[in-house]
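Residue numbers (my numbering), protein chains in the order written: chain A, 325 to 430; chain B, 151 to 260.
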Amino acid sequence: RKEVEQDPGPFNVPEGATVAFNCTYSNSASQSFFWYRQDCRKEPKLLMSVYSSGNEDGRFTAQLNRASQYISLLIRDSKLSDSATYLCVVNNIPTFGRGTSLIVHP
Amino acid sequence: EAQVTQNPRYLITVTGKKLTVTCSQNMNHEYMSWYRQDPGLGLRQIYYSMNVEVTDKGDVPEGYKVSRKEKRNFPLILESPSPNQTSLYFCASSTSDEQFFGPGTRLTVL
Numbered sequence: 325r326k327e328v329e330q331d332p333g334p335f336n337v338p339e340g341a342t343v344a345f346n347c348t349y350s351n352s353a354s355q356s357f358f359w360y361r362q363d364c365r366k367e368p369k370l371l372m373s374v375y376s377s378g379n380e381d382g383r384f385t386a387q388l389n390r391a392s393q394y395i396s397l398l399i400r401d402s403k404l405s406d407s408a409t410y411l412c413v414v415n416n417i418p419t420f421g422r423g424t425s426l427i428v429h430p
Numbered sequence: 151e152a153q154v155t156q157n158p159r160y161l162i163t164v165t166g167k168k169l170t171v172t173c174s175q176n177m178n179h180e181y182m183s184w185y186r187q188d189p190g191l192g193l194r195q196i197y198y199s200m201n202v203e204v205t206d207k208g209d210v211p212e213g214y215k216v217s218r219k220e221k222r223n224f225p226l227i228l229e230s231p232s233p234n235q236t237s238l239y240f241c242a243s244s245t246s247d248e249q250f251f252g253p254g255t256r257l258t259v260l
């Protein structure tokens, strides 16, 4: 079983839709969790950290479920500019998921 | 400006010709790492370094070497490149909260 797994997508959604991605991890001792965004042919950039109590940043909400060993990212009111690949990252010596591709269309 | 720089950004070379991809950061981070990214496989860690003179293998170290003689620089060395090392390479330096990636080096080995 891979350490970090994500559905690669693509998730194809209309503008204004709400979309959610999950990411499962295998190491129950994992302590740090992050979501990164990667645009085509660009470097990944931190979107948000994921805290135990869940956290929100504008239209983005991240949650952690330790019992089921997954993290989630919810995007509300999707914009065209949200089209990208979203990578989940586990731990400070990081393990990356393969990424989930999101395409937001008009 | 805080940044990670990589050079070259693009390189086409031939099998067996030694090459070095440089990586430099100006944020005084102790932790640096190299990744390769391939379609369908995501980002895979090649090597990482927790501090000067401390390097460790990541998930896919075969065919690569690194060195960390000073904190700011972490070059990736391919002694004898092969076509299966054609990939997009990213260097990163990190705090405990965030990784900062370089712009990437697209390498083609013919």
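All residues carry an ideal CB built from backbone N, CA and C; glycine is no exception.
On a predicted model such as this, the values are computed, not experimentally measured, just so you know.
Task: Pair within 7 Å by beta-carbon distance, P231/B and V210/B - done: Taking the first residue of the second sequence as position 1, residue 231/B is located at position 81. Taking the first residue of the second sequence as position 1, residue 210/B is located at position 60. No.
TODO: Name, please, each residue of chain B whose Cβ falls closer than 7 Å to the Cβ of I417/A.
DONE: Position 93 of the first sequence holds residue 417/A. At a beta-carbon threshold of 7 Å, the residues of chain B lying near I417/A are Y198, ordered along the chain.
Open item on the list: Between the alpha carbons of Q94/B and V328/A, how many angstroms are there, rounded?
Closed with: No answer is possible for residue 94/B: the residues shown for chain B start at 151 and end at 260.
Task: Where the beta strand (DSSP E) through N363/A begins and ends - done: As a first step, residue 363/A is located in the first sequence; it is residue number 39 there, counting from the start. In the sequence as presented, Asn is not what sits at residue 363/A; that position holds Asp. No beta strand (DSSP E) holds D363/A; DSSP gives it neither H nor E.
Task: CB contact check: G192/B to chain A, cutoff 7 Å - done: Residue mapping note: residue 192/B aligns to position 42 of the second sequence, counting from 1. At least one chain A Cβ lies under 7 Å of G192/B.
Open item on the list: Can you find the residues in the same chain that come closer than 6 Å, C-beta to C-beta, to G208/B, ignoring five residues on each side of it along the sequence?
Closed with: In the second sequence, residue 208/B corresponds to position 58, counting from 1. Spatial neighbours of G208/B in its own chain (CB-CB distance under 6 Å, excluding positions within 5 residues in sequence) are listed in chain order as Q195, I196, Y197 and Y198.
Open item on the list: Quick check: is the beta carbon of P211/B nearer than 7 Å to any beta carbon in chain A?
Closed with: Taking the first residue of the second sequence as 1, we reach residue 211/B at position 61. Taking Cβ atoms only, chain A never reaches closer than 7 Å to P211/B, which makes this a no.
Open item on the list: Beta-carbon within less than 6 Å of V374/A's beta-carbon, same chain only, minus the 5 sequence neighbours each way: which residues are those?
Closed with: Locating residue 374/A in the first sequence gives position 50, where the first residue counts as 1. Shown here for V374/A: same chain residues with a beta carbon closer than 6 Å to its own, the five before and five after excluded, namely F357, A386, L388 and I395 in chain order.
Task: From G340/A, C412/A, L371/A and M372/A, residue whose alpha carbon lies closest to that of T348/A - done: To locate residue 348/A, count along the first sequence from 1; it is residue 24. If you compare the alpha carbons of G340/A, C412/A, L371/A and M372/A with that of T348/A, the shortest gap goes to C412/A.
TODO: Kindly give me the distance between the Cβ atoms of G345/A and L397/A, rounded to whole angstroms, as I take these residues to be in contact under 8 Å.
DONE: For this step, residue 345/A is matched to residue 21 along the first sequence. For this step, residue 397/A is matched to residue 73 along the first sequence. Residue 345/A is actually Phe in this sequence, not Gly. For a cut-off of 8 Å, the C-beta gap from F345/A to L397/A is around 5 Å, short enough to register as a contact.
Open item on the list: Ignoring anything shorter than 3 residues, give me the beta strand (DSSP E) runs that lie fully in the region 339-403 of chain A, in order along the chain.
Closed with: Runs of the beta strand (DSSP E) inside the region 339-403 of chain A: 343-349, 357-362, 369-373, 379-381, 384-389 and 394-399.
Task: L426/A classed as buried or exposed, judged by whether at least 16 other C-beta atoms fall within 10 angstroms - done: Here the question's residue 426/A lines up with position 102 in the first sequence. Buried, because 16 or more other Cβ atoms sit within 10 Å of the Cβ of L426/A.
- [ ] Determine the contact status of D401/A and R383/A, defining contact as a CB-CB distance below 7 Å.
- [x] Translated into positions along the first sequence, residue 401/A becomes position 77. Translated into positions along the first sequence, residue 383/A becomes position 59. With contacts defined as CB atoms closer than 7 Å, D401/A and R383/A qualify as a contacting pair.
Task: Coarse secondary structure for Q153/B, derived from DSSP in three states - done: Residue 153/B sits at position 3 when you count from the first residue of the second sequence. If DSSP states are grouped into helix, strand and coil, Q153/B belongs with coil.
Task: 7 Å Cβ shell around V343/A - same chain, five flanking residues per side excluded - done: Position 19 of the first sequence holds residue 343/A. Hits under 7 Å: F335, V337, I399, S402 and L426.
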